[in-house]
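One line per chain: the protein sequences are Y and A, in this order.
12 is the number that this note's numbering gives to position 12 of the first sequence; each next residue is one higher, with no gaps.
Offset between the second sequence (1-based) and this note's numbering: plus 1000.
Don't be surprised by glycine CBs; every beta carbon is placed ideally from N, CA and C.
Here's the structure, in C-alpha cells; my notes come after.
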Amino acid sequence: MQPVDSHLFLIVGAALFSIGLAVVLLKRHAIVVLMGIELMLNAVNINLVAFSQYDPDRLQGQMLALFVMVVAAAESAVALAIVLQVYRHFRTAQLDELNELKQ
Amino acid sequence: MPVHTPLPVSLLTTLLLSLPFVGFLALAMASRRVSAWLAILTTSFGFVVAFVLALNLPDQPLTIQTAWADLSGTLFSISFRLDSIAALMLILVHFVALLVQIYSVAYLHDEPRLRRYFAYLQLFVGAMLGIVLAGNLLVMYAFWELVGLASYLLIGFYAERPSASKAAKKAFLMNRVGDAGFLIGIFLTYYNFRTLDFSVLDTAVVGGALPTALGLCLFMGCMGKSAQFPLLTWLPDAMEGPTPVSALLHAATMVAAGIFLLARIHPLLSPDALVVIALIGTITTVWGGYSALFQTDIKKVLAFSTVSQLGLMVAAMGTNNVSGAMFHLLTHAFFKAGLFLSAGAVIHAVHTQDMRHMGGLRQTLPITFWGYTFCAAALAGVPFLSGFLSKEAILSGAFDWASHQPGGLASLIPIALLLSSGLTMLYMARQWRLIFFGSYRNKHIPLDQTHEPNWLMRGPVVLLAILSLGFWFSINPFSVHGSWFFRLIPTPAEGHFGWLAPASVALVAVGGWAGFRMNAPRTDTIAVRLSLEYGFLDSLFQYLVINPTQKLANLLSRTDRRLVDGTVNNLGITLVVLAYIARAIDRLVIDGVVNGAAWIASFFGQMTRSVQNGRVQSYIMVTVVGLVLVLWWLLY
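Printed below as a string of C-alpha cells:
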C-alpha cells in the first residue's frame, strides 16, 4: 500500500484543530463548545495516527489514539452531565451568561 | 527729760509709719458712718505717738535699718531716720492732718464717697510720713512717688468734673518731670558716693568735690513737688480738689516734701547748685506773688501765695539757711492751713469761689473773718505774728549770704525776696477786702442766709489762727534769735540786720494800704493777663512741650500706620500669595503624585479585573495565546 504523504495528514489535523479551537473560543453554547473540544481531540488523533506509520512495530501512536478516544468519551459524558447540571442550576447553557468564576 | 527712759523708739517709729497705712486699709473696709471717726482716731493716735517720740528724741539721729535687696554684693536697705527735723515734721503733718480731717467731717458731710476720701487722706499722710522718716534716698523716692499717687487721687477726687481729672493728670505729669530729674540725681549720688544713706552722705561729702549736676538733678524733684518755676502751673489747677485737701496739700504734706528733701540733701549741694536754687526760688516767689495779684478765685490766690512762699523757702535753702527755711515751713503750715480752712468756710457759706461775688462777709462770718485775718496777716508778715519772724529769719539769712558772695548781683536775690514779701501783703489785703469788706455782691444767696459753719469747722480755724501768733515761736516779737526752734535745729551764725525789721514793716504797711485800696482792674491789659495766666507759662508749655510732643506723636502714629503697619500688611499679603502658590503646588504636585499613583493602581486594577471576567472562553483564549507565545519563545 502506497503510504500517503504524511504532510497531508498534518494539514488536515491542523485545520481540524484550528476549527475546533475556533469553535471552542467563539461559540456560545456549552454543548457546541464541547463539540469543538471533540474536534480538537480528533485532530490530535489524526496526528497520532499519521505519525504512527514511522513506528510500524509497536504502533504507539495508534494505541494512544485509541486511548484518547476512550478518555474523550468519558470526558464528554462527564462534561455533558456538568452542562446538564449547569443548565438546571442557571437555567441557561450560554457561556456568556455564566460568569460565576468572577466571584 | 533728763533721765533717758528706755523707750522703744524704733518700735514707736515703725508703729507711727504703719498707722496711716493700716488706717487706709481699714477705711477701705469700714462703713461710711464710722469712716471719718476711724480716720480721725488713727491720726490722733499717730499725733500722740509723734509727740511722745519728739519728747524722747535720742541725742544722735536714730537709724532703723533692714536689708532689702542684695544686688551682686551691693546691699540696698530700707532705712528710717529719726532726728529733730523729722520729729518736727512728724508733729506738723499729724497736727495739720488731724485738723483737716476734723474739718472735713463737716465740710464734706453730704459727700457720698466719704470713706474713699478719708482712705486717700490716710494714704497721703502715710506717704508723707514715709518721706519724713526715710533714711536713704531710695526709700524717700518710693514714698515720694506714693505722695504723687495720693495727690493725684485727691486732686481728682471729684472725678466726675472733667476739670478735676484734668488737673489731677496735670499735677501727676508735671511731678513726673521733676521726679525723673530726682531719680537721675539719685543715680548720680550713688555713682559718686556709693551710698544713698543720709547719715553716711552727711559725712561722706565733706571735703570732696561736689558735682553741680547732682545737686541740680536732686533739686528737680523739689521743683516738681514744691511747684518751683517753671513747674509751678499744676499747683493752681490742683485747687480742683476739695478745699480741706488743698489745705493739707499746701500746708503740711505735698509741697512741704520738696522743702524737706532740700533740707535732707543740703550737704550734697555744691555752691553753684545753691546759687541756681536760690535764683529759682527767687523767681518763683516773685512769679507766684505777681500771679496771685489779679486772681479772682479765692483758692487760686492762696495757691499762688503758696507758690510764692515755697519760692521763699527754696531761696532760703539756696542761701544756706536750712533752719530758716524749715522755720518758715513750720509757720507757713499753720497759717496756710488756717487760710485754706477759712476759705473753705467762706465757700461753704456763699457757694462760690469767685471773690467778685463775695464782700461784706465780716458781719455774718465773724469767727471766720478773725481767723482769716490773723492767718493772712501772718502770711503777709505783719509783726507779732509767726510769718514775720520766719520771713525775717529768711531775709536776714539771704542778706548775710549775699554779703559773702562775690559781685553785687547776688544782693538782687535778697532784695527781690524782700519786695516779694511786700507783694504778699498787697494781694492778701486785696483778697481780704474783696471777701470781707465792701458791699455784698452775690445775687444767688442773700447775705442774711450766709452763716458760720459748725464748730467742727470753726475749731480748726481758730486753733490755727492762734498758732499763727508770733509769741509761740519767739518771745521777742521783732527777732527770731533765741527762739526754741533754732535751739532744736541749729543755724549757722547769721549777721543781724537792724534795719531789716523796720524795712519789712514799712513794706507791709505800704503793701497793705495799696492792696486794700486796689480797684478791680480791667482784665484785658497785658499786666493783668500776665498775672491771671501766671506769666503765660501754660501757653509756653503748650507751644514748647505739648504741641511738639503731639506733633511727634502724630508723626510717629503716621509712621506706625504707614511703615510698620504697611510692612506687616505687605508681609501678610506676601504670605497669602505664598500660601496660594503652596496650595497650588500641593494640589498639582503632591496630590498629583498621590492621585496619579492611585489612578495608575486603579488603571492596572481595571485592566487585570477585565481579564478576570469569569468567562470560560476568555480564559481559554488567554491560555491559548500564552501557549502560543511560550511556544514562539521556545522555538525561536
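Burial state of residue i (16 or more Cβ within 10 Å)
| i | result |
| --- | --- |
| residue 1093(A) | buried |
| residue 37(Y) | buried |
| residue 1073(A) | exposed |
| residue 1610(A) | exposed |
| residue 1407(A) | exposed |
| residue 55(Y) | exposed |
| residue 88(Y) | exposed |
| residue 1240(A) | buried |
| residue 1095(A) | buried |
| residue 60(Y) | exposed |
| residue 1404(A) | exposed |
| residue 1588(A) | exposed |
| residue 1483(A) | buried |
| residue 97(Y) | exposed |
| residue 1320(A) | buried |
| residue 1175(A) | buried |
| residue 1554(A) | exposed |
| residue 1322(A) | buried |
| residue 1005(A) | In this prediction, residue 1005(A) has a pLDDT of 47, which is less than 50 and means its spatial position is unreliable; what the coordinates show is noted afterwards. Per the 10 Å Cβ criterion, exposed. |
Paired residues, beta bridge with residue i - DSSP
| i | result |
| --- | --- |
| residue 1065(A) | 1079(A) |
| residue 1136(A) | 1197(A) |
| residue 1071(A) | 1074(A) |
| residue 94(Y) | 29(Y) |
| residue 1297(A) | 1354(A) |
| residue 1019(A) | DSSP, once it has assigned bridges, lists no residue as partnering residue 1019(A). |
| residue 1469(A) | 1385(A) |
Same chain, Cβ closer than 6 Å to residue i, neighbours up to 5 away in sequence not counted
| i | result |
| --- | --- |
| residue 1369(A) | 1362, 1436 |
| residue 1463(A) | none |
| residue 1470(A) | 1384, 1385, 1386, 1389, 1477 |
| residue 1283(A) | 1229 |
| residue 1068(A) | 1076, 1077, 1078 |
| residue 1210(A) | 1270 |
| residue 22(Y) | none |
Neighbourhood of residue i by C-beta, 8 Å cutoff - its chain only, sequence neighbours within 5 removed
| i | result |
| --- | --- |
| residue 1331(A) | 1378, 1386, 1387, 1389, 1390, 1468, 1473 |
| residue 16(Y) | 39, 40, 42, 43, 46 |
| residue 83(Y) | 30, 31, 34, 93 |
| residue 1036(A) | 1101, 1104, 1105, 1114, 1118 |
| residue 1054(A) | 1087, 1088, 1090, 1091 |
| residue 1351(A) | 1444, 1445 |
| residue 1003(A) | Caution is warranted here: a pLDDT of 41 is assigned to residue 1003(A), below 50, making its placement in the model unreliable, and no coordinate value can be reported. |
| residue 1122(A) | 1020, 1021, 1023, 1024, 1027, 1039, 1042, 1043 |
| residue 24(Y) | 33, 36, 37, 40 |
| residue 1539(A) | 1533 |
Start-to-end residues for the alpha helix (DSSP H) that takes in residue i
| i | result |
| --- | --- |
| residue 1557(A) | 1547-1559 |
| residue 1105(A) | 1084-1107 |
| residue 1574(A) | 1565-1585 |
| residue 1415(A) | 1412-1436 |
| residue 1058(A) | No alpha helix (DSSP H) contains residue 1058(A), which DSSP labels as neither H nor E. |
| residue 1380(A) | 1366-1380 |
| residue 1595(A) | 1591-1611 |
| residue 1512(A) | 1500-1517 |
| residue 1243(A) | 1243-1251 |
| residue 1264(A) | 1254-1265 |
| residue 1218(A) | 1212-1225 |
| residue 1445(A) | That residue, residue 1445(A), is in no alpha helix (DSSP H); it is neither H nor E in DSSP. |
| residue 1619(A) | 1616-1635 |
| residue 1236(A) | 1234-1237 |
Residues near residue i in its chain [Cβ-Cβ closer than 7 Å; skip 5 each side]
| i | result |
| --- | --- |
| residue 1032(A) | 1114, 1115 |
| residue 1301(A) | 1292, 1295, 1427, 1431 |
| residue 1508(A) | 1380, 1381, 1382, 1422, 1425 |
| residue 1190(A) | 1196 |
| residue 1329(A) | 1256, 1259, 1313 |
| residue 19(Y) | 39 |
| residue 1001(A) | Bear in mind that a pLDDT of 36 at residue 1001(A), under 50, signals an unreliable position, so the number given afterwards is only what the model happens to contain. For residue 1001(A), where only same-chain residues beyond five positions count, the Cβ hits under 7 Å are 1055, 1056. |
Against chain Y: residues of the stretch 1614-1627 of chain A by CB proximity under 8 Å: Residues 1614, 1615, 1616, 1617, 1619, 1620, 1621, 1624.
Any C-beta of chain Y within less than 8 Å: which residues of the stretch 1589-1617 of chain A qualify? Those residues of the stretch 1589-1617 of chain A that come within reach of chain Y (Cβ to Cβ, closer than 8 Å) are 1612, 1613, 1614, 1615, 1616, 1617.
Contact residues within the stretch 84-97 of chain Y, judged by C-beta distance below 8 Å to chain A: So the list reads 95, 96, given in the order they occur along the chain.
What are the residues of the stretch 7-40 of chain Y that lie near chain A, defined by any Cβ-Cβ distance shorter than 7 Å? Residues of the stretch 7-40 of chain Y that bring their beta carbon within less than 7 Å of a beta carbon in chain A comprise 21, 24, 25, in sequence order.
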